[in-house]
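The structure under discussion appears below in the form of structure tokens.
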Amino acid sequence: EAQSCGPPVIACGRGAATETIRGQPHDSPTGVFFGAQTPHAVVRALDDFEAHDTKITAKACRENALRFSTARFDSEIRDVLGLADVRTANSALVARAT
């Protein structure tokens, strides 16, 4: 959510963060990861960020956040279900669930 406003993210390199943040050496990085959840690891990540801060742009962060937008989600659900609009897609999902 923060990236939709353009700031870079410094996060633990585990779980969903590794799927939502593009770290080094990605062509358009949006953040920096740290491995261990220790103060020393966070300091190293901050140092890494400062060393590469010109590679991480607000534009890249905002564009990365668009991968998780409601519009994209709706569009891909419609594509998967072969439907033309969100209401039809929602009705189809409800019908399949019952």
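Counting in my numbering, the sequence shown runs from 69 upward without gaps.
Even for Gly, the Cβ is constructed at its ideal location relative to N, Cα and C.
If you're wondering where the values come from, they're calculated on a predicted model, not measured in any experiment.
**Message:** Tell me the DSSP secondary structure of A79 in three-state form.
**Reply:** Note: A79 maps to strand in three-state DSSP.
**Asked** Per DSSP, V100 forms a beta bridge with which residues?
**Response** Note: V100 sits in a beta bridge opposite I78.
**Asked** Exposed or buried, C73, counting other C-beta atoms within 10 Å across all chains shown (16 or more means buried)?
**Response** exposed
**Item:** Environment of R90 [buried if 16+ CB atoms lie within 10 Å]
**Value:** buried
**Request:** Please state if the CB of A70 and the CB of A79 are separated by a distance shorter than 7 Å.
**Result:** no
**Request:** Give the straight-line distance between the Cα atoms of V100 and F117, rounded to the nearest whole angstrom.
**Result:** Approximately 6 Å between the Cα atoms of the pair.
**Message:** Quick check on F136: buried or exposed, where buried means 16 or more other Cβ atoms within 10 Å of its Cβ?
**Reply:** Taking every protein chain shown into account, the CB of F136 has fewer than 16 other CB atoms within 10 angstroms, so this residue is exposed.
**Request:** Could you have a look at E131 and say whether DSSP puts it in helix, strand or coil?
**Result:** helix
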